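No gaps in the numbering here: position 8 of the sequence shown is 9 in our numbering, and each next residue is one more. Don't be surprised by glycine CBs; every beta carbon is placed ideally from N, CA and C. Model, not experiment: these values are computed from the prediction.
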Amino acid sequence: VVFAKGSPFTLAPSTSDSFVYMDEEVSFLVKKFGRADQGGVPYYSLDNEPALWGGTHVRIRPAPLTFKELLDKSEALAKAVKAVDPSAKIMGSESFGAMEMWGCYSGTSNSIPACSDWSTYKAKYDWAVAAFLGEMKARSTAAGVKLIDVLAIHWYPEDMGDARINS
Numbered sequence: 002v003v004f005a006k007g008s009p010f011t012l013a014p015s016t017s018d019s020f021v022y023m024d025e026e027v028s029f030l031v032k033k034f035g036r037a038d039q040g041g042v043p044y045y046s047l048d049n050e051p052a053l054w055g056g057t058h059v060r061i062r063p064a065p066l067t068f069k070e071l072l073d074k075s076e077a078l079a080k081a082v083k084a085v086d087p088s089a090k091i092m093g094s095e096s097f098g099a100m101e102m103w104g105c106y107s108g109t110s111n112s113i114p115a116c117s118d119w120s121t122y123k124a125k126y127d128w129a130v131a132a133f134l135g136e137m138k139a140r141s142t143a144a145g146v147k148l149i150d151v152l153a154i155h156w157y158p159e160d161m162g163d164a165r166i167n168s
């Protein structure tokens, strides 16, 4: 996956370069359905549950994600989408739940690998959701475009612990 192709888009992507270009996919969707403000695809999700990649996608992601990498990837993909459809809304970080946004990067959860670079952010932010939003706001200001429109956090009420959370 490459966020920005850097060359003209086609409606029949190359099958010989081994890449999927996200901005080209957005271009395809805009051509098919129109821009978001014209009734096209209104929202783009940056990814799915990034703190779990090192465990759920080991073949393509053998190491845990660092917080800086989450920010860099979020910024790059949001810019690529907004360059093609500035009216689209971006959802991120698509964390697996409150524990990721609260504890993953501070190392307080035994079930989630702590990011090796959290110390860079913990002096300024008390939890990861504040760091994600604060850093993405700063990057948005620098880029001159809003990079995150919707904070998306997954919640699984059927999760088990000492008792079912819905009990």
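The alpha helix (DSSP H) that contains residue i, what's its start and end?
i: E50; result: That residue, E50, is in no alpha helix (DSSP H); it is neither H nor E in DSSP.
i: A129; result: 129-144
i: K6; result: Element bounds for K6: n/a, residue is neither H nor E.
i: Y122; result: 120-123
Between the C-alpha atoms of residue i and residue j, what's the straight-line distance to the nearest angstrom?
i: I113; j: P51; result: Below a pLDDT of 50, predicted positions are generally treated as unreliable, and I113, at 49, falls in that range; no measurement from the model is reported.
i: A132; j: K125; result: 8 Å
i: S46; j: G93; result: 6 Å
i: P65; j: T57; result: 10 Å
i: S9; j: D127; result: Per the sequence shown, the amino acid found at residue 9 is Pro instead of Ser. About 43 Å.
i: P63; j: S117; result: 15 Å
i: A143; j: A5; result: 19 Å
i: Y157; j: A139; result: 30 Å
For the beta strand (DSSP E) containing residue i, name the first residue and the last one.
i: L152; result: 151-154
For the putative contact between residue i and residue j, defined by C-beta atoms under 8 Å, what is the C-beta separation to the nearest angstrom?
i: I91; j: I149; result: 6 Å
i: F34; j: V21; result: About 19 Å separates the two Cβ atoms, so there is no contact after all.
i: E70; j: A153; result: Rounded, the Cβ-Cβ distance is 18 Å, inconsistent with contact.
Report the partner residues of residue i according to the DSSP bridge assignment.
i: Y22; result: V3
Completely contained alpha helix (DSSP H) runs for the stretch 29-100, where each covers 4 or more residues
54-57, 68-85
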